[in-house]
Structures are given as structure tokens and as C-alpha cells.
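Notes to accompany the following structure.
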Amino acid sequence: MKILVLIAHVPDTTARIAFTNDSTAYDTNGVQFIVNPYDEWYALVRALELKEAQGGTVTTITVGGAATEPTIRKALAIGADDAVRVDIDPKDGHDVAVQVATFAKDKGYDLVLAGKETIDHNGSQVGPMVAELLDLPFISLATKLDVAGGKATAEREVRGDVEVVECPLPLVVSCAKGMAEQRIPNMRGIMAARTKPLQVVPAVQAETLSTSVRFELPPPKQAVKMIPADEAGKLIELLHTEAKVI
Amino acid sequence: MSVVVFADTRGTKVPKNSLEALTYGRKIAAKEGSTVTLVTFGDAPQDRLAALDADKVVVARAASDADSQQLTRVVADVATKEQAKWIIFSHDDTGKAVAPRVGARLKAGEVAGATTLPNEQGLIKRNVFSGKAQAWVELKTPVKVVSLLPNSMSVEAAQGTATVEEYAGDAGAAKVIVKEVRKAGEGVPLPEAEVVVSAGRGMKGPENWGLVEELAKELHAATACSRPVADMHWRPHHEHVGQTGLAIRPNLYIAIGISGAIQHLAGVNGSKVIVVINNDPEAPFFKAADYGIVGDAFQVLPQLIEAAKKLNAER
Ligand SMILES: Cc1cc2nc3c(=O)[nH]c(=O)nc-3n(C[C@H](O)[C@H](O)[C@H](O)COP(=O)(O)OP(=O)(O)OC[C@H]3O[C@@H](n4cnc5c(N)ncnc54)[C@H](O)[C@@H]3O)c2cc1C
Ligand SMILES: Nc1ncnc2c1ncn2[C@@H]1O[C@H](COP(=O)(O)O)[C@@H](O)[C@H]1O
Chain A
0 MKILVLIAHV
10 PDTTARIAFT
20 NDSTAYDTNG
30 VQFIVNPYDE
40 WYALVRALEL
50 KEAQGGTVTT
60 ITVGGAATEP
70 TIRKALAIGA
80 DDAVRVDIDP
90 KDGHDVAVQV
100 ATFAKDKGYD
110 LVLAGKETID
120 HNGSQVGPMV
130 AELLDLPFIS
140 LATKLDVAGG
150 KATAEREVRG
160 DVEVVECPLP
170 LVVSCAKGMA
180 EQRIPNMRGI
190 MAARTKPLQV
200 VPAVQAETLS
210 TSVRFELPPP
220 KQAVKMIPAD
230 EAGKLIELLH
240 TEAKVI
Chain B
0 MSVVVFADTR
10 GTKVPKNSLE
20 ALTYGRKIAA
30 KEGSTVTLVT
40 FGDAPQDRLA
50 ALDADKVVVA
60 RAASDADSQQ
70 LTRVVADVAT
80 KEQAKWIIFS
90 HDDTGKAVAP
100 RVGARLKAGE
110 VAGATTLPNE
120 QGLIKRNVFS
130 GKAQAWVELK
140 TPVKVVSLLP
150 NSMSVEAAQG
160 TATVEEYAGD
170 AGAAKVIVKE
180 VRKAGEGVPL
190 PEAEVVVSAG
200 RGMKGPENWG
210 LVEELAKELH
220 AATACSRPVA
230 DMHWRPHHEH
240 VGQTGLAIRP
250 NLYIAIGISG
260 AIQHLAGVNG
270 SKVIVVINND
280 PEAPFFKAAD
290 YGIVGDAFQV
300 LPQLIEAAKK
310 LNAER
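So the protein lines, in turn, are chains A and B.
Going by numbering that gives the first Met the number 0, the residue at position 1 of the first sequence is 0; the numbering climbs one at a time, nothing skipped.
Going by numbering that gives the first Met the number 0, the residue at position 106 of the second sequence is 105; the numbering climbs one at a time, nothing skipped.
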């Protein structure tokens, strides 16, 4: 089975959020970057499990400049066979999707796995866009994924219910919590990652459909109102009469 | 010309987030002087569809909710026929899968998870960095797609007199087939809940969740939990909220014995009112709270349950 896993390079979950250039750009100064958790913990690890059980290859693809390479090496250390980097700083989700779809087209991937969303952009856009550009079916926000007899079976949560769905390969899946457990790379993996193939491919021209023109930080929170523990019942009254939320 | 709104109308009542998307579409249509065409799927009865606040309802009864490719063909087709400049979705499970596909198909820019209507410059706001910041987005294309973050808009439902028609185009065969649906339990589904009672490692063990569930029941709330609680299998995975779990934005979020790590906050910081109950006055969660109680959950919860029961009895 040939699997392609989309790997985004994102600021660490605890990174400081600040903007520069008149609030038009994210300030990456001193920020540590990581593999997007959904891509790492769920998509990549599940791809590796499927490969270990059934044979095949796991290739990662990242759309980004040379600065993303340490993140890509981390994915290789976890166990991907090889990696592709499309050499462009993408302008929007559509740009990423066009680059991935252009690379993946006609390469015969059985499965293309994306994360549920990036933790910086939070679009949930790239997976379904890649599916549309490749004219493939798409299973969104899967919490379980299995493959047998040329078919994928997945679970997804919809309006609180769990749907079990089935779809013939090839297809695109976006991966959410539940699909796999995080894997910590070991020393051997880290050593091996240094020499695994990382192919850099040029980007194609893509139209920019949207731009984030300006960023802002949320207004500071009002001071918290404290209620003594032995009068805890008062909270319910305040939520009813003051906050009016119950 | 029409504003096209895609909505989920299945089940016994139209979900609130679909009605929010409809209100959003209505407001855009009012500004543009156009009509509203609602696109839907599934088996909702004709009279319920006709009562929606749209000028026309197109229903693709045969389309599968799980097949975004089919639904994309339907929405794109209707939008093209209606010469729509705006296509509005809810940023819910189905909208998240279909809206970007429609955008890619029609080469239309998309605002994913919009929280506002367009401002005077036509910019639309959305959350980024898991709610730790917001971005104003410009759509550069003649056709624009917006998926509206649930709970960002209050519903202004007018009584509609929509004409209802069956979708007559070719949606193709479904490739993603639903084999089974496991209904959620009795309680309120977490993504739609207006009140959420959530607990963390401070509850010590799964055997103590009775108190959490009882408070949730009294407040008609859904239950949620922190990541370690789901990882230790004290609670099911689908209750895990935060950066790597579900992001929710209820009107009220009550956090019990949760420290308030930044990754947890990322999934709940959109809640309108946050209550924190923790025995450590230094717990970081208090900085994000509107109301706080420093105390032992095992002493505080019974008092809350009793007060909630009393309030329910008075209503
Ligand atoms: C990349 C990444 C992603 C993550 N994603 C998530 C995520 O999506 N969601 C998430 O929740 N976490 C996530 N985490 C984990 C997060 O960092 C915290 O470890 C986690 O949220 C802590 O859970 P907790 O508050 O339940 O437990 P703890 O941190 O152990 O806190 C327990 C709290 O309970 C209080 N307490 C103890 N006893 C009592 C009592 N009797 N009464 C009242 N209070 C009491 C304590 O004072 C303490 O504040 C992530 C971490 C990483 C690195
Ligand atoms: N620059 C990128 N390179 C590779 N994959 C990406 C990139 N950006 C996003 N993705 C993938 O698309 C998913 C959804 O991203 P988003 O639409 O930004 O929320 C992520 O979880 C990744 O799997």
C-alpha cells in the first residue's frame, strides 16, 4: 500500500502568539516549531501501523521553505520512509492543496492522510481541498481507520453520533484523536532519519484565493469573580441571574 | 442571483448551527438585495423545509451525508445555476468537509470558521492559533465561501414560505457509504451543548464521575474532560477537549479539577462564560475564568448540585 501523509510545520503548542509588521505577520522570533500534532500523532502513526501490518511505503509531504526541514526529519525519525518538500511558503490553504495535489496526481497513492487541522491556521481546509483537486472521495475527521480488501473502513463523529463508513481506495482521510497513539522516536530512528531521502520539488503557480490581512489578539479577560467554597451554591444563582447562562 | 446556504436538516429538528448559517445568509442577502436558496439533503419532511427562512429549498434526498464529493457536486451545481456570489455553511462536521471542496471546485476563496459578517472593507474575522488570536480575511474571488463557526451568531428565524424542490441534477454515486450509526447516549451531544461540565485529573478516578454527571444532568449540560483523563480511559475519547481533542464554545464551561494548561484552554477559550473549580488558588485556569471557586471538588460539587436542583424546582 502506498500512503502519502501531509505534514505541516507549526509553532509549538505553548509558543508565544505575537505579530509583527503592523500585525500582518506572525512573529516567529524565538518560536520552536513542531510537527502539527494531528499529523504526527494520528495520521503518521496510523499510516505506519498500516504499513507494518500490510506492507507498503509511507511518504510525507510538506509545503514550505527550507526552515521546515527539521520538522520533516522528525517525521522521518518516527518512521516515514521518505519525504517530499514542495519549496514555497504557501499563501493560503488552497495554495498548499494545489501543491500537494499536483505532486500526488498520477503517483498511485492508495491513501492520502491529512490531519484534522493545523494548530496555527485551524482551517480544516487542506484535506478536503486535496480530495477535490484529485477528484477523490474523502472521509473527514476520522477517529478510526482500517484497510482491507481494497476498501477503507473508518469511524467519524457526526452531531455526537458515531458513523461507521466504508469507501473503496484510493481516498483522502483527515485524521482526529482516537486513530492512534503518539510514538516517541528512538535513537535508531533519529539516526536513520538523517540519511533518509528528502526530495525537494519546485512549486507550481497557484492563485491566492484568500489572504489574512491583519491579526489581532483577543481583549484581556475581565478579572475573575471568586466565590467562597462554603457558599458554592451562590455560583448557581449568579450564573442564573447575572451571567444568564443557565 | 441568490445567496446559497448549505444546511443539515436531518433528525427531528434543524440544528441550531444550521439556523445560524441561515441567518448569516439572510443578512448577506439583505445587503446584496438577493434571495436565499437553501441546499440540504436527507429525509426532513416537506413542511418543515418549507417553514425555513429561505426563498427556495433544494433538497438532494439521495445524497449521503458522509460523501462530501456528492454533496459538493450538489452545492456547486445549485450555486452555479443561481449565480451565487456567496455560499454559506456551518463550520460543523459536514460543513468542514464540504465547504473547502466547494471552494476548490469553484475556485472560490473560503473563510473557514468565520465569526463575523463582512465589515465595511469586506473583511471577515476568524479564529487562528486555536482561539489565541483572530485574523481578518479578505476573499479575493468573485464567488465567496464562508463556513460559520457555531455559536457566533444569534438565530433570527423568520417564518419562511419557501418553495421546496428536489435536486434534479447528477450528484453521481456515493463512494463513502454509511454502514452503521452508533447513536450517542441519552445526554446532550458535546459539540452542540450550550452548557458543558468538564473535569480533569483533580477528580482522582473514574469512580468519582457520578458527581460530575449529576451536576451536568441538573444543568442540562454535556460532559467533557481533559486529555489525561481520556488517555487513562477514565472517560471516553470523544469527551476530550482541547488543542488535540474537540474545540467547543458553549455559553457556559465549568472546569472542575483541571489545571488549565495552554493546550486545554485552546479548545475551550471561546466559551462565553468560564467557571473554574480548583483546590489550588495558583491554578493557571483562574486567569481565564469569569467565576472561580478555590476548594475541594468533592465538597463544592454537592453544594452546586443541590443549588441547581433548587433552581430547577423553582422554575
Ligand atoms: C502537544 C500537546 C497537546 C495537548 N493537548 C491537550 C488537549 O487537547 N486537552 C487537554 O486537556 N490537555 C492537552 N495536553 C495536556 C496538557 O498539557 C495538560 O497536561 C492537561 O490538560 C492536564 O490535565 P488536568 O488539568 O486534568 O490534570 P492536572 O494538570 O494534573 O491538573 C489537575 C488539577 O486538579 C486540581 N485538583 C486536584 N485535586 C483537586 C480537588 N480535590 N478538587 C479540586 N481540584 C483539584 C489540581 O490543583 C490541578 O490544578 C496537551 C499536551 C501537549 C504537549
Ligand atoms: N504547509 C503544509 N504542508 C503539508 N501539509 C499541510 C500544510 N498545511 C496543512 N497541511 C495538512 O492539512 C491539514 C489541515 O490543515 P488546515 O487546513 O491548515 O487546518 C493539516 O493537518 C496537515 O495534514
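The beta-carbon is built from N, C-alpha and C at its ideal position, and this holds for glycine as well.
Small disclaimer: the values here were computed from a predicted structure and weren't measured.
Bounding residues of the beta strand (DSSP E) (the contiguous stretch that carries residue i)
i             : result
residue 84/A  : 81-86
residue 233/A : No beta strand (DSSP E) contains residue 233/A, which is instead part of the alpha helix (DSSP H) from 232-240.
residue 115/A : Looking at the DSSP string, residue 115/A is not in any beta strand (DSSP E), and its letter there is neither H nor E.
residue 325/B : Shown here, chain B extends from 0 to 314; a query on residue 325/B therefore has no answer.
residue 221/B : 221-224
residue 37/B  : 34-40
residue 53/B  : Residue 53/B -> no beta strand (DSSP E), and no H or E assigned at all.
residue 23/A  : Per DSSP, residue 23/A belongs to no beta strand (DSSP E) and is neither H nor E.
residue 163/B : 162-165
Cβ-based neighbour list, residue i, same chain, cut-off 8 angstroms, excluding 5 preceding and 5 following
i             : result
residue 260/A : Any property of residue 260/A remains undetermined from this structure, which presents chain A solely from 0 to 245.
residue 247/B : 189, 190, 192, 195, 223, 240, 266, 267, 269 and 270
residue 238/A : 244 and 245
DSSP bridge partner residues for residue i (one or two, in chain order)
i             : result
residue 291/B : 225/A and 275/B
residue 134/B : 214/A and 125/B
residue 201/A : 86/A
residue 3/A   : 58/A and 111/A
residue 10/A  : 32/A
residue 147/B : 89/B and 113/B
residue 195/B : 221/B and 252/B
residue 2/B   : 35/B
residue 19/A  : 24/A
Residue nearest to residue i in terms of C-alpha spacing, selected from the options
i             : options                       : result
residue 0/A   : 238/A, 57/A and 131/A         : 57/A
residue 186/A : 9/A, 244/A, 76/A and 61/A     : 76/A
residue 80/A  : 232/A, 220/A, 46/A and 30/A   : 46/A
residue 91/A  : 207/A, 102/A, 215/A and 228/A : 207/A
residue 161/A : 141/B, 247/B, 64/B and 164/B  : 64/B
residue 102/B : 148/B, 85/B and 92/B          : 85/B
residue 228/A : 186/B, 299/B and 279/B        : 299/B
residue 116/B : 16/B, 221/B, 302/B and 24/B   : 24/B
residue 158/B : 77/B, 49/B and 131/B          : 49/B
residue 36/B  : 292/B, 76/B and 210/B         : 76/B
residue 182/B : 214/A, 43/A and 159/A         : 159/A
residue 64/A  : 114/A, 165/A, 199/A and 163/A : 199/A
residue 285/B : 301/B, 302/B and 264/B        : 264/B
residue 171/B : 19/B, 70/B and 16/B           : 70/B
residue 40/A  : 143/A, 108/A and 163/A        : 143/A
residue 244/B : 27/A, 62/A, 37/A and 235/A    : 37/A
residue 67/B  : 138/A, 242/A and 150/A        : 138/A
residue 132/B : 7/A, 214/A and 5/A            : 214/A
residue 74/A  : 136/A, 99/A, 42/A and 16/A    : 42/A
residue 114/B : 105/B, 279/B, 213/B and 130/B : 130/B
residue 218/A : 287/B, 151/B, 249/B and 231/B : 287/B
residue 89/B  : 252/B, 146/B and 238/B        : 146/B
Where the alpha helix (DSSP H) through residue i begins and ends
i             : result
residue 208/B : 208-217
residue 113/B : Careful: residue 113/B lies outside any alpha helix (DSSP H), inside the beta strand (DSSP E) at 108-113.
residue 67/B  : 67-80
residue 284/B : Where residue 284/B is concerned, there is no enclosing alpha helix (DSSP H), given that its DSSP letter is neither H nor E.
residue 306/B : 296-313
residue 267/B : 261-267
residue 46/B  : 45-49
Same chain only: Cβ atoms within 6 angstroms of residue i, ignoring 5 sequence neighbours per side
i             : result
residue 139/B : 108
residue 166/B : 57, 59 and 73
residue 256/B : 198, 199, 201, 202 and 296
residue 72/A  : 192
residue 234/B : 224 and 228
residue 0/B   : 33 and 82
Spatial neighbours of residue i in its chain, beta-carbon cut-off 7 angstroms, leaving aside the 5 residues before and after
i             : result
residue 155/B : 22
residue 93/B  : 7 and 64
residue 10/A  : 30, 32 and 119
residue 224/A : none
residue 217/B : 304, 307, 308 and 311
Residue i: CB within 8 angstroms of a non-hydrogen atom of ligand 4
i             : result
residue 173/A : In terms of ligand content, the structure shown lacks ligand 4 and carries ligand 1 and ligand 2 instead.
Beta strand (DSSP E) runs contained entirely in the region 129-199 of chain A, provided each spans 3 or more residues: 137-147, 150-157, 160-167 and 170-174
Please specify which runs of the alpha helix (DSSP H), each continuous and at least 4 residues long, are wholly inside the region 226-250 of chain B, giving them in chain order. 226-230
Every unbroken beta strand (DSSP E) inside the region 30-112 of chain A [3 residues or more]: 32-34, 56-62 and 81-86
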